[in-house]
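To start, the structure itself, in structure tokens.
2 protein chains.
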Amino acid sequence: MSSTPNASVDPMVLREVLDGRWAHVRRDAREHLHDPDFLPVYGESMDEARERVTRAAKKLADSGRVVLGFPKEYGGQDDSGGSVTSIEMVAFKDLSIMVKTGVQWGLFGGALQLLGTRRHHETYLRDVMSFELPGCFAMTETGHGSDVQQLRTTCTYDPQTQTFDLHTPHEAARKDYIGNAAKDGRMAVVFAQLITQGKNHGVHAWLVPIRDEDGTPCPGVTIGDDGPKAGLAGVDNGRLSFDHVTVPRDMLLDRYGQVAEDGTYTSSIENETRRFFTMLGTLVRGRVSVGGSAGSATKLALDIAVRYGDVRRQFAAPGEDREIVINDYLVHQRKLLPALATTYALHFAQGELVSTMHDVQTAVHVHGQEIDEQAQRELESRAAGLKVAQTAHATATIQMCREACGGAGYLQENRLPHLKADTDVFTTFEGDNTVLLQLVAKGLLTGYRDNFGSLEGWGKVGFVADMVRETVLERTAARALIARLVDAVPGVDDVPMLERGWQLKMLEFREKHSLEGAIRRLRKNSTMESHPTHPMTPFDMFNDVQDHVLRSAQTHIDRVVLEAFVEGVDRTTDPAARQLLDSVCDLYALSTIEADKAWFLEHGQLTPARAKTLTATVNQLLKELRPHLITLVDGFAIPDGWKAAAILVEEPERQEAMAARDAELRAQNAEGGREGGPGATATDLDVPPGQ
Amino acid sequence: MSSTPNASVDPMVLREVLDGRWAHVRRDAREHLHDPDFLPVYGESMDEARERVTRAAKKLADSGRVVLGFPKEYGGQDDSGGSVTSIEMVAFKDLSIMVKTGVQWGLFGGALQLLGTRRHHETYLRDVMSFELPGCFAMTETGHGSDVQQLRTTCTYDPQTQTFDLHTPHEAARKDYIGNAAKDGRMAVVFAQLITQGKNHGVHAWLVPIRDEDGTPCPGVTIGDDGPKAGLAGVDNGRLSFDHVTVPRDMLLDRYGQVAEDGTYTSSIENETRRFFTMLGTLVRGRVSVGGSAGSATKLALDIAVRYGDVRRQFAAPGEDREIVINDYLVHQRKLLPALATTYALHFAQGELVSTMHDVQTAVHVHGQEIDEQAQRELESRAAGLKVAQTAHATATIQMCREACGGAGYLQENRLPHLKADTDVFTTFEGDNTVLLQLVAKGLLTGYRDNFGSLEGWGKVGFVADMVRETVLERTAARALIARLVDAVPGVDDVPMLERGWQLKMLEFREKHSLEGAIRRLRKNSTMESHPTHPMTPFDMFNDVQDHVLRSAQTHIDRVVLEAFVEGVDRTTDPAARQLLDSVCDLYALSTIEADKAWFLEHGQLTPARAKTLTATVNQLLKELRPHLITLVDGFAIPDGWKAAAILVEEPERQEAMAARDAELRAQNAEGGREGGPGATATDLDVPPGQ
């Protein structure tokens, strides 16, 4: 679609395009987030890191920057999108602070706000916002992280005392990995099975004091420390166990389920599973924040690797005085540029997601509208899918950037080790990526039908029978635009690969075909249950196709992300910036297709000849985009003071000093007629011996 | 080739097969390496780690376990293969100790031994071996790691004083990332440009004191600390700068180049580049050790993830009392088993490499034979290629294992964070993987012709003209066996995929075709230099094809590794073990082909239908191998006391306690007729709402 981007592009224009709807939140952060406590400190101990991060959290609270998502009447701004954008900006700083922030105001505060009712808000919300009341979000147990519905902690109501009895029956039921637990937390939102009148009503949440003002654990509460982790040294993750802890009746966060004095249970949502997922659904913000924060860490890693690669030199070409800048190597470009293109694509997709989330949550929580279940579930699926894409991309890209910076990338002073170690758990927390892909897949397979109940696992693939025959590809925000582009492409053969419609069509075809194939195979397996010679258990029916099903989810995410990028390009008005983004979008689309070339070949969407053309086209795009590498990271607009990478300052200086010295030596050598000497380029050495 | 492995396999038999030629070294380590100082300590500070690792190094020296590679006359055993096997075993412990060991006895001691002459050995070798004289291998500079020939440190001879003047001309020339430098090192083998009588003779090495007995830096020596790194906290990496430091003439390690009192330079190897690479070539042991150590870390990570996955349960199948063991999920098997198969394959390839290295080095350094240049260069290429394969596999696999263990994998107490962070630099040190792939490729392109000179870089692709028309696929040790297997397969179509000959043929075809294609493209580009409208610079000629060239190297490595595995299976006499290894070898071969399916489709080696069969066959192998998962990690024979992973002890206990409690509750519920309750399986919940 693009012609070669050759005009010089103003990075400020790119920045504006990327800043999007919450540009004011981003600008504000860039201007004000400069406290040294917000930067990682290299070599500090876990205790020092925790102290600093606690200080930073308090400073963030004082700045009012973290409470945008809370109701106006308590001092917030009812700005859900602003709150996750704010976290995304904090994620450019020490990621422990981002996680601490996410725990206090996203998870703990969010649960209090969205699962609690007015009496909880009145009593606690201001202290939560000010960090006077640090708290925990105690959901995950050692034995159950992914399958939260199966938590083993119980909270049993006793009408005699009008209190609940909160209890951890065995070690696998202890709350684990809980942020704010090991050091700061004074209260926790604890998730447990609600039992009253002899019946289990499923998982609910209670607000439970865990430490008194002196920091002493409350009676019956045992607090453990998860100790040192791979990263996130400043987050005090810990373990909570409850030995028949008494919890007053009114500490149940009872927006979606209430227990009367006599123990009668009521809820506006009758089905237990649906109720559970409605409760969880309100907490989607956490997942969106993790995706966005992974994006920030990825941008910073790329910023460092791209700038370093632009001054770092290694190996000389003959006849050249200086060695070659490593960004000029094709294989280095192959590492950096597709990753950069994907980062742009995910940025646009994230922007779209945040916007949707904001609108859905504002309708319900600010304007008091009924939950639009279809919209809510689409949002959850998008959030899950994008969290997977962002965090998997972060893990791969930060690793690549570390390697692209060689030994320098291994030193803490150059930031990449922290970025890698801190983000490593992002693929796990707020939903394990494999489990989330499964969630996305189930949503697709059932065409967003009312099917919350199938989430419980793998067996009993009863929903197979209910599957819609033709899975509808619901399109992203850019519906009309995408349809127009796709329709403009008549077939799939011989269409130029830079034609956007062809790219879109390829990803659309793959998604549809993958899904339909998965449905076909599931259907076939479901007829095998009572097969005389090859019976299949319900588990095997699903498990047999699991890889295919997860692939379908992945293809869906790729398509959604491309559409968001296309829409982002379309919104860009500056011609030079638009042309550049157009090429970056081409690179994202084509490198995504290239990464799955085998599938397109297998399914007749690429001929062998066209598959080779595809690789050549990607390489051509790399050449065209090479001159724009710095502009593209400039577009992220990360303030220099936030980067905390020594090489960004020192390497350019070193290269200049070396070049000056080499030039001096060359002059001396030329004068004295001497051979070789340091700074001699490899031309002196390149005669193969024996010739 | 295999039938389904169904006999139960004795892990001890597998262990014996894997232990190979240096089984006695492995057994000795398993029996004796149990000092607590050898295990990682979670949460210790950098200073504490350094102290402990220095202690451990001294203990290792005292045990005599690290000096196998030194000459018998100085107390060693002239056992080069034993020395790297010993390091491979140390690598199951804290990897900082492995690196410290590698620095002291592999790099520093090895350089002294192999580049120095008798006077150096007599004076220093015993103290090096006993760790009385801790030393550094000061090659890499901040500005030059990959292109060592371009080091900027100079060492200039002055016949007046009969000393050298060692000098760091600017910051980019300081020695960097040097192990033992920041704390322990008393001397260093320093690499610098040797200048005498106004002429530069290229890089040579000197033995230079850097600290006196009190630890004070010697005059003119500035010592810096690289500070905290991503991992390897116990290794004191540092920086060395020399301000006109006087070095006595006899401190030149002068085996390959000598400077007479009057400054006359002599060498048995006239060509400077060849001399340089001959010197480097003697140091191949370091690269072999890194590959082997990466293998150890990978085995340990897989051991942890596989055992955890075998007890960890998540999500229930309907009608089942307990949740499903995560190793039963297809997608989990897709993660663990191909990685495990590749680990086996690399183990056999490593064994072959160590054996070859031992024989080549023993011939020269023990029996005093002339260097067989062909054998030496094949060894270097193999060592480079396998170092790439092992370390890239370690990076990917340890990451996967971390994720496969979820949140538990993120806690230091479960070892995986250390394995990940410590091995992360393995893809960089002892040769950046991309640069090493390039080295392998050049060896292939020139058919091992005498072409050292082309290493200097990318331009002037003069060697293109010299390239052999038909690149000969030299076969690995198993020549006859492989030839027989390949010849047994008539064509490529319709041959069963478990036919070993077909698998070998596929990888052979891909290597040959990739190489020939790369040569063709290079030739074509080399005619473009003086093209009137599309001239290409020498750099562009090569760079244009760089991705293709590196791919060729990768295909070569894959083929070599498969052949080594095939040979390993062939050596196995126990029928059950052989059948199992046969299936693991199938999985390695087929998952390697599957990972590059697009290439085989593009080049007519797979039809779309066969490509789908390939995926189905891999999935079938996963099912067959699932019951053997534990046996396969048992085969690694890692002593329990070395693992230092809390989950391996605690998770089975937790799962049993939970199961017992759940059973109790089920009994109570059945008795009392109550619904639900914790421990209720998801069948209670799986009715979709609204049905």
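Sequences listed follow chains A and B, in order.
Numbered according to the UniProt record's numbering, the first sequence spans residues 1 to 691.
Numbered according to the UniProt record's numbering, the second sequence spans residues 1 to 691.
Yeah, the Cβ is synthetic: ideal placement off N, Cα and C, and Gly gets one too.
Here the structure is a predicted model, which means the values were calculated and not measured.
Between the segment 136 to 154 of chain B and the segment 375 to 385 of chain A there are fewer than three inter-stretch CB-CB distances shorter than 8 Å, so the stretches are not counted as touching. Contact annotation for residue 172/A against chain B: 654, 655, 657, 658 [CB-CB distance below 8 Å, chain order]. Shown here, residue 593/B sits in a helix according to DSSP, grouped into three states. The beta carbons of residue 208/A and residue 193/A sit no closer together than 9 Å. Taking 8 Å as the upper bound for CB-CB distance, residue 222/B and residue 241/B are in contact here, some 4 Å apart. The residues 35, 37, in chain order, have a CB closer than 7 Å to that of residue 59/A in the same chain once the five nearest residues on each side in sequence are set aside.
Counting only runs that start and end inside the segment 220 to 268 of chain A, the beta strand (DSSP E) elements of at least 3 residues fall at 221 to 225, 238 to 242, 245 to 248.
Nearest to residue 508/A by C-alpha distance, out of 593/A, 534/A, 578/A, 547/A, is 593/A. Per DSSP, residue 209/A is one residue of the beta strand (DSSP E) stretching across 199 to 209. Three or more Cβ pairs drawn from the segment 385 to 404 of chain B and the segment 434 to 441 of chain B lie within less than 8 Å of each other, which places the two stretches in contact.
About 5 Å separates the beta carbons of residue 416/A and residue 409/A, which is inside the 8 Å limit, making them a contact pair. Residue 650/B has a beta carbon lying within less than 9 Å of a beta carbon in chain A. Taking C-beta separations shorter than 7 Å and ignoring five residues to either side along the sequence, the partners of residue 119/A in its chain run 250, following chain order. Neighbours of residue 535/A in chain B, taken as residues whose beta carbon is under 9 Å from its own, are absent, since the nearest beta carbon is some 14 Å off.
The shortest C-alpha to C-alpha distance from residue 173/B to any of 187/B, 502/B, 315/B, 150/B is the one to 150/B. Taking the Cα of residue 396/B as reference, the smallest distance to any Cα among 299/B, 309/B, 130/B, 489/B is reached at 299/B. Three or more beta-carbon pairs separated by less than 8 Å link the segment 84 to 92 of chain A to the segment 288 to 296 of chain A, which places the two stretches in contact. Taken in chain order, the complete alpha helix (DSSP H) segments of 4 or more residues contained in the segment 79 to 130 of chain B are 80 to 90, 95 to 101, 109 to 115, 126 to 129. Residue environment analysis places residue 229/A among the buried positions, since at least 16 neighbouring C-beta atoms fall within 10 angstroms of its C-beta. Among the residues facing chain A, residue 579/B is not included, as its CB has no counterpart in that chain under 9 Å away.
Unbroken beta strand (DSSP E) stretches of 3 residues or longer found wholly inside the segment 160 to 188 of chain B: 163 to 167, 175 to 178, given in chain order.
Under the Cβ criterion (8 Å, minimum of three pairs), the segment 581 to 597 of chain A counts as touching the segment 496 to 507 of chain A.
One alpha carbon belongs to residue 646/B, the other to residue 404/B, and they sit about 16 Å apart. The C-beta distance from residue 211/B to residue 226/B rounds to 17 Å, too long to fall under 8 Å, and the pair is not in contact. Scanning 595/A, 40/A, 426/A for the CA closest to the CA of residue 286/A turns up 426/A.
Under the Cβ distance rule, residue 46/A counts among the residues neighbouring chain B, one pair being separated by less than 9 Å. Shortest Cα-Cα distance from residue 519/A to any of 648/A, 444/A, 620/A involves 444/A. When the Cα atoms are used, residue 631/A and residue 233/A turn out to be separated by approximately 33 Å. Its Cα nearest to that of residue 633/A, the residue 301/A stands out among 301/A, 5/A, 205/A, 91/A. The closest CA to that of residue 351/A, considering only 63/A, 81/A, 12/A, 666/A, is found on 81/A.
At a cut-off of 9 Å between beta carbons, residue 145/A contacts chain B. Distance from residue 569/B to residue 582/B at the Cβ level is roughly 6 Å; contact confirmed, criterion being Cβ atoms closer than 8 Å. Between residue 103/A and residue 137/A, the C-beta spacing is below 9 Å. Taking the Cα positions, residue 12/A is about 28 Å away from residue 67/A. DSSP places residue 148/B in no alpha helix (DSSP H); its state is neither H nor E. For the segment 177 to 193 of chain B, the residues whose beta carbon sits under 8 Å from a beta carbon of chain A are, in order, 177, 193.
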